[in-house]
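Engineer: Each number in my numbering comes from the position in the sequence shown (counting from 1) with 1 added on. Ideal Cβ positions, reconstructed from N, Cα and C, are used throughout, including at glycine. Okay, here's the structure, questions in a sec.
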Amino acid sequence: MGKKYFVPCLAAAISIISGCTTLNKEKISDKLSACEFASQEKEHDVKITYKSNTVESLDVVYNNKNESVRVTMPDGRQYELPRAMAASGVRYTSDDNTVFWSKGANAQFWIDGKLVFSGEEKE
């Protein structure tokens with residue numbers, strides 16, 4: 002009785018396994034393509050200007066390759082900050098007193114623990 006079902010079950014198992022393998026290969030190929038695109042994108046810096054409610058603006062260059070940011074103040078001072086952990090948005094800090102944080106189109110910048118800039122991405 003067991004032999005009667007062995008061949009059909011074996012054929013079904015082989016069919017399922019080969020189908021899964023093809024599906025997994027396609028998924029893996031898609032993931033590899035996405036990874037290649039992401040690595041190409043990381044080679045480029047992204048520059049964004051943020052503008053506050055006043056006429057002040059903040060130029061920010063996101064270096065995706067080094068996971069850092071360069072913040073240029075209106076007076077020309079520059080701060081290079083490495084990426085840090087953030088509960089929400091993206092946070093860069095060299096210490097707890099100098100912090101650049103952005104989420105969506107909004108950005109804030111603190112120096113010596115004081116908020117010196119708050120604004121939105123300039124269109």
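Alpha carbon to alpha carbon, what distance is there between V72 and D113?
Structural biologist: By 1-based counting over the sequence shown, the position of residue 113 is 112. By 1-based counting over the sequence shown, the position of residue 72 is 71. Spanning the two alpha carbons is a distance of roughly 15 Å.
Engineer: For D76 versus Y63, is the C-beta distance shorter than 9 Å?
Structural biologist: As a first step, residue 76 must be located in the sequence shown, where it is residue number 75. As a first step, residue 63 must be located in the sequence shown, where it is residue number 62. For D76 and Y63, no; Cβs fall outside 9 Å.
Engineer: Please confirm whether I49 and K104 have their CB atoms less than 9 Å apart.
Structural biologist: In the sequence shown, counting from the first residue as 1, residue 49 sits at position 48. In the sequence shown, counting from the first residue as 1, residue 104 sits at position 103. Their beta carbons are not under 9 Å apart, which means I49 does not touch K104 by this criterion.
Engineer: Quick one: Cα of A87 to Cα of E81, how far?
Structural biologist: Looking up residue 87 in the sequence shown gives position 86. Looking up residue 81 in the sequence shown gives position 80. If I take the Cα positions, the gap works out to 18 Å.
Engineer: Among S95, M74, S89, E57, which residue has its Cα nearest to the Cα of P83?
Structural biologist: Along the sequence shown, one-based indexing puts residue 83 at 82. The residue with the shortest Cα to Cα distance from P83 is S95.
Engineer: Classify V56: buried if its beta carbon has 16 or more other beta carbons within 10 angstroms, exposed otherwise.
Structural biologist: Stepping through the sequence shown from its first residue, residue 56 is reached at position 55. V56 comes out exposed.
Engineer: From Q109 to V117, what does the alpha carbon distance come to, in whole angstroms?
Structural biologist: Indexing the sequence shown from 1 puts residue 109 at position 108. Indexing the sequence shown from 1 puts residue 117 at position 116. Spanning the two alpha carbons is a distance of roughly 8 Å.
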